[in-house]
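Chains as they are written, first to last, in the numbering used here: chain F, 589 to 986; chain W, 17 to 264.
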């Protein structure tokens, strides 16, 4: 049995789920013939049967806490929400009875269809009373389970949400996630997505819609794993909506990381910024595909896109594809993408101060990633990330 | 301390140094002056071991050792410090990290333990005060967003901390206003010692008004064309390179 056949068989019974199931059966899982899947494939799932998930966890969720990040914890085990392991907090209410926003269409790709067909929707409402950060912990435990969380955040006017979405655990599951963020006027969301699973196949679709004066910030940190794909779309749908998408992906060994972003400026006076950095070593492969779309009506838009990549091995591979699609003249836009090795002048400078060549290389690699860590608006998380980046290096650089 | 004999070096296919001979004794300050493109900066880069330059002939003996066979970091640990003409920006690495790593690399070479953090901070504060630099500098990324003057001061700060045996100062005066020039000059003078030598590469005389050299050499076309004491620099100021070199 293949992963596809398993996913089809796990579909739910509602009319919408059955219709998504039909889409999945028709399209199958994405393959490299699709433009968006040109470089990395899910071929390894072809002969992997997936079982229905079981929320079986006898450890302590606190093991996965980030030191200094004091937050209300919500826990999912293999894609299933575990209320007994989760905190109740003022300003946050959840329900599994909500109407699906359906912004991530099953027609988008087989994974979107599989999630719609098999997942149970959880809606989380955020009100202005929420003052505490939220830590959503997605644990992957066990082998070859099909974990398919589906989340819908409703962030009401003037509410502020700071959320860490952490994927962790040793399980070799498929984690196929869909997240939808609905930001009302003047809302602010800062989301940190930390990919900390090495064995899981992680695929995710995120769709955010940002209303007037609202701000959506997304920081994705991919510390490297068997297969990680993060696809996000942000719609700036009312005046003065803003977004920032930052990302760091690090692949070594045979790890694969695939980042796809799309920012849409649909109305005047919106601002977006993006800064993604990647490091590939060993036989690691990474893809960055960043599209900024500025519609006909979106005058006085400002957008800035930066993507820098460090290629540390001649067997590693990075495929960057920055793309600006501008249909309005009254726009300030910049973009740049680079792929390169470590800077020789910087390395010589360090060596001239007595720092050995290997340590100098390690330090510059750390420094490259550090620029994303420094931009995290959350000190405990930045510190955690610095330590994690430093850990992958051959010597102590902190 | 330093013996340079018939040194030839090129960058790519282009020969730049064409037979340099220079002897620097302990405690001496030598100024290397010369017009643009004469090879002044190449000389200090070659001595520091910059990988862009290829030595094609000649030898350099530093404290009895063949300098050209040493890696750049080995030269640094053996006491050679290059103050860069264009100090490199290293975003993502804090100044304090560089200072500490550099000092500890040198101490390890000398068979000493790592410096303890309290002692280190005390030492750095002392040097910062000398260079009239704010402590905030320590926590900024190396040279990132520094003004030209701040970068040069940062170089001398590092030199203060590392206390080299041989200081190579490459156009340290360029990009400095009068006040910064005085501070940098004082920083160098403060380090003058019987067992410490300097080679100062400069286009103008103005740094030499603050740091008086024992010897002045004029470099042109990849060779030393004239040598003398401080009065040579004064003659250069009056006659210019063309006048002086025509005579020589």
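Where is the CB? At the ideal position from N, CA and C, for every residue including glycine.
Just so it is clear, the structure is predicted and the values come from calculations on it, not from any experiment.
Limits of the unbroken beta strand (DSSP E) element including residue i
i, result
"residue 221/W", "That residue, residue 221/W, is in no beta strand (DSSP E); it is neither H nor E in DSSP."
"residue 855/F", "Looking at the DSSP string, residue 855/F is not in any beta strand (DSSP E), and its letter there is neither H nor E."
"residue 7/W", "The shown model of chain W, from 17 to 264, leaves out residue 7/W, and the question about it has no answer."
"residue 195/W", "First-last for residue 195/W: 194–207, but that is the alpha helix (DSSP H), not the beta strand (DSSP E)."
"residue 832/F", "830–839"
"residue 683/F", "680–683"
"residue 49/W", "45–49"
"residue 815/F", "815–824"
"residue 129/W", "Counting along the chain, residue 129/W falls outside any beta strand (DSSP E), and DSSP gives it neither H nor E."
"residue 810/F", "803–810"
Host alpha helix (DSSP H) of residue i (start-end)
i, result
"residue 953/F", "945–961"
"residue 169/W", "164–178"
"residue 594/F", "591–597"
"residue 133/W", "133–146"
"residue 990/F", "No answer is possible for residue 990/F: the residues shown for chain F start at 589 and end at 986."
"residue 58/W", "56–64"
"residue 797/F", "From DSSP, residue 797/F is part of no alpha helix (DSSP H) but of the beta strand (DSSP E) over 789–798."
"residue 971/F", "967–979"
"residue 93/W", "88–93"
Per-residue contacts from residue i into chain W (C-beta, under 8 Å)
i, result
"residue 944/F", "89 and 121"
Within chain F, the residues that residue i reaches when beta carbons sit closer than 7 Å
i, result
"residue 107/W", "955 and 959"
"residue 137/W", "The contacting residues do not exist; residue 137/W stays about 17 Å from chain F at best."
"residue 118/W", "941, 942 and 943"
"residue 104/W", "933, 934 and 937"
"residue 38/W", "Going along chain F, no residue has its Cβ under 7 Å from residue 38/W, so there is no contact; the nearest lies around 20 Å."
Within chain F, the residues that residue i reaches when beta carbons sit closer than 8 Å
i, result
"residue 67/W", "932 and 936"
"residue 174/W", "941"
"residue 144/W", "By Cβ distance, chain F contributes nothing, its closest Cβ being about 17 Å from residue 144/W, past 8 Å."
"residue 182/W", "Simply none; closest approach about 13 Å."
Under 7 Å from the C-beta of residue i: neighbouring residues of chain W
i, result
"residue 940/F", "64, 88, 92 and 98"
"residue 951/F", "109"
Cross-chain neighbours of residue i in chain W, by beta carbon under 9 Å
i, result
"residue 964/F", "The premise fails here: residue 964/F is roughly 13 Å from chain W at the closest Cβ pair, so nothing lies under 9 Å."
Residue j beta carbon less than 8 Å from that of residue i
i, j, result
"residue 798/F", "residue 849/F", "no"
"residue 239/W", "residue 65/W", "no"
"residue 901/F", "residue 875/F", "no"
"residue 762/F", "residue 633/F", "yes"
"residue 760/F", "residue 732/F", "yes"
"residue 750/F", "residue 778/F", "yes"
"residue 746/F", "residue 770/F", "no"
"residue 893/F", "residue 918/F", "no"
"residue 692/F", "residue 766/F", "yes"
"residue 987/F", "residue 723/F", "Look at the range of chain F in this structure, 589 to 986, and you will see that residue 987/F is not part of it."
"residue 654/F", "residue 834/F", "no"
"residue 882/F", "residue 923/F", "no"
"residue 18/W", "residue 78/W", "yes"
"residue 958/F", "residue 244/W", "no"
"residue 738/F", "residue 608/F", "no"
"residue 776/F", "residue 748/F", "yes"
"residue 645/F", "residue 710/F", "no"
"residue 906/F", "residue 878/F", "no"
"residue 118/W", "residue 942/F", "yes"
"residue 700/F", "residue 595/F", "no"
"residue 939/F", "residue 88/W", "yes"
Contacts of residue i in chain F (Cβ-Cβ under 9 Å)
i, result
"residue 154/W", "Neighbours of residue 154/W on chain F: none; closest Cβ ~15 Å, over 9 Å."
*Determine contact between the region 939–950 of chain F and the region 34–46 of chain W, defined as no fewer than three beta-carbon pairs at a distance below 8 Å.*
As far as the Cβ criterion goes, the region 939–950 of chain F does not touch the region 34–46 of chain W, which means the pair count is below three.
*May I ask you to verify whether the region 99–111 of chain W touches the region 179–193 of chain W, counting CB pairs closer than 8 Å and requiring at least 3?*
Verdict: yes, contact present.
*Could you pull out every unbroken beta strand (DSSP E) segment of at least 3 residues lying fully inside the region 691–777 of chain F, listed in chain order?*
The qualifying runs are 709–714, 722–727, 731–735, 738–743, 748–756 and 760–771.
_In chain order, what are the residue ranges of uninterrupted beta strand (DSSP E) at least 3 long that sit wholly in the region 874–928 of chain F?_
If you keep only unbroken beta strand (DSSP E) runs of at least 3 residues inside the region 874–928 of chain F, you get 889–899, 905–914 and 919–928.
_Going residue by residue through the region 590–673 of chain F, where are the continuous alpha helix (DSSP H) segments of at least 4 residues, counting only ones entirely within it?_
If only complete runs of 4 or more residues are kept, the region 590–673 of chain F shows the alpha helix (DSSP H) at 591–597 and 603–615, in order along the chain.
_contact_flag[the region 902–909 of chain F, the region 933–940 of chain F] where n(CB pairs < 8 Å) is 3 or more_ = These segments do not touch.
*Are there three or more Cβ pairs, one per stretch, closer than 8 Å when the region 158–168 of chain W is compared with the region 130–146 of chain W?*
Too few Cβ pairs lie closer than 8 Å, so no.
*Kindly confirm or deny that the region 86–95 of chain W and the region 142–150 of chain W touch, where touching means at least three C-beta pairs closer than 8 Å.*
Verdict: no, contact absent.
*Does the pairing of the region 819–831 of chain F with the region 855–870 of chain F give three or more beta-carbon distances under 8 Å?*
Contact check between the region 819–831 of chain F and the region 855–870 of chain F: three or more CB pairs, one atom from each, fall below 8 Å, which counts as touching.
*Kindly confirm or deny that the region 792–807 of chain F and the region 613–626 of chain F touch, where touching means at least three C-beta pairs closer than 8 Å.*
Touching, no, given that fewer than three Cβ pairs across the two stretches are closer than 8 Å.
_Contact the region 202–212 of chain W vs the region 20–35 of chain W: 3+ CB pairs below 8 Å_ = Because the criterion of three Cβ pairs below 8 Å is not met, the region 202–212 of chain W and the region 20–35 of chain W do not touch.
*Just list the beta strand (DSSP E) runs in the region 221–261 of chain W, keeping only unbroken ones of 3 residues or longer that don't cross its boundaries, in chain order.*
With a minimum length of 3 residues, the continuous beta strand (DSSP E) runs that stay inside the region 221–261 of chain W are 231–236 and 239–244.
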